[in-house]
Amino acid sequence: MNPYPAASAPSPWFPLPPEPAADTGTVLFCLPHAGAGASAYRRWPALLADVAEVVPVQLPGRESRFGEPRCTRTAQVVDALAGHVLERAARHPRLAVFGHSMGALLAHELAHALADRGRAPDHLFVSGYRAPSLPRPSEDVHRLPREELIAHLGRMEGTHPEVLAHPELLDLLLPVLRADYELCETHRHTPRPPLSAPVTAFGGDADPGVAPAHLEAWAELTTGPFRHHLLPGGHFYLNDRLPDVLALLADGLRALPAARRAA
-5 MNPYPAASAP SPWFPLPPEP AADTGTVLFC LPHAGAGASA YRRWPALLAD
45 VAEVVPVQLP GRESRFGEPR CTRTAQVVDA LAGHVLERAA RHPRLAVFGH
95 SMGALLAHEL AHALADRGRA PDHLFVSGYR APSLPRPSED VHRLPREELI
145 AHLGRMEGTH PEVLAHPELL DLLLPVLRAD YELCETHRHT PRPPLSAPVT
195 AFGGDADPGV APAHLEAWAE LTTGPFRHHL LPGGHFYLND RLPDVLALLA
245 DGLRALPAAR RAA
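Residues in the sequence shown are numbered from -5 upward in steps of one, following the working numbering.
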């Protein structure tokens, strides 16, 4: 008996409608980095042909949900999102979660929330984020004055220079970014039993804020298999190395059991 009923109405968390015939295989939920929305993963469904469904997650306060209040705490996102994930994943035997940067933090918290609700993910993929169990940097980016925040974004190389030079676009983007940085910078890791699912961590070898040791520390947060991959590039290495990331991700998913679902 399926303990998770199918979703009865479209969810604002998922801009893409369910695949009509995707009732087998893996569903992969993808959480965006700070300032981004579901469109950060717009290319992934076509590039991950072996995955039954790739589901980009749309957070409040951006893109199609721009008019909604922004979240500044991880619990705000995860408590509201977990039930929608379970509904969307109900017809799939396997569930995986991917997150880059802020999305990695949210993906880890979501994995615990799903486990608490009876369906732990079958694989957690994290990218560009230090293990949440490590002490966080003392810098509070969300409190920076406007010009210093813009300079910080330029150093991270994740925002197009034309956007950084466009005051009207920045007026729309900066409040979202401040809220997202606040979410990350106010998060406090909760000691708890580790996940049992496999965890794979990705990072750029020139990321100024995430060293290889920060990625390796994710191994402490699971009792399952752990792998980490360091690819050429900075914090947004995956923009240039997306085929490599997706190939490694697909390999991890192919290694999952043929059918695994929480009882």
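Every residue, glycine too, gets a C-beta built ideally from N, C-alpha and C.
Counting other Cβ atoms within 10 Å of its Cβ, Ala84 reaches 16 or more and is therefore classed as buried. Bridge pairing for Pro50: Cys24 [DSSP].
Here Leu225 has Phe196, Gly197, Gly198, Asp199, Tyr231, Leu232, Arg235, Asp238, Val239 as same chain residues with Cβ atoms under 8 Å from its own Cβ, once five neighbours each way along the sequence are excluded. Minimum Cα-Cα distance from Val79 among the listed residues Gly112, Thr216, Leu171 corresponds to Gly112.
Close CB contacts of Val157 within its chain, under the 6 Å cut and outside five residues either way in sequence, are with Leu163 (chain order). By the CB criterion at 8 Å, Gly122 and Val48 fall outside the cutoff.
Around His86, the same chain offers Ala16, Asp17, Thr18, Gly19, Thr20, Val21, Ala46, Glu47 as residues with beta carbons nearer than 8 Å, after the five sequence neighbours per side are excluded. Taking the C-beta atoms as reference points, Ala107 is found no nearer than 8 Å to Pro115. The continuous beta strand (DSSP E) containing Thr194 extends over residues 193 to 198. Taking the C-beta atoms as reference points, Ser95 is found no nearer than 8 Å to Glu57. Straight-line measurement puts the Cα of Thr216 at about 18 Å from the Cα of Pro129. Leu166 counts as exposed, since fewer than 16 other C-beta atoms from the protein chains shown sit within 10 angstroms of its C-beta. Secondary structure of Arg37 (DSSP, three-state): coil. Its chain contains Ala173, Glu176, Leu177 as the residues whose beta carbon lies nearer than 6 Å to that of Thr66, once the 5 sequence neighbours on both sides are disregarded; these appear in chain order.
Residue pairing from DSSP places Val120 in a beta bridge opposite Gly93, Ala195.
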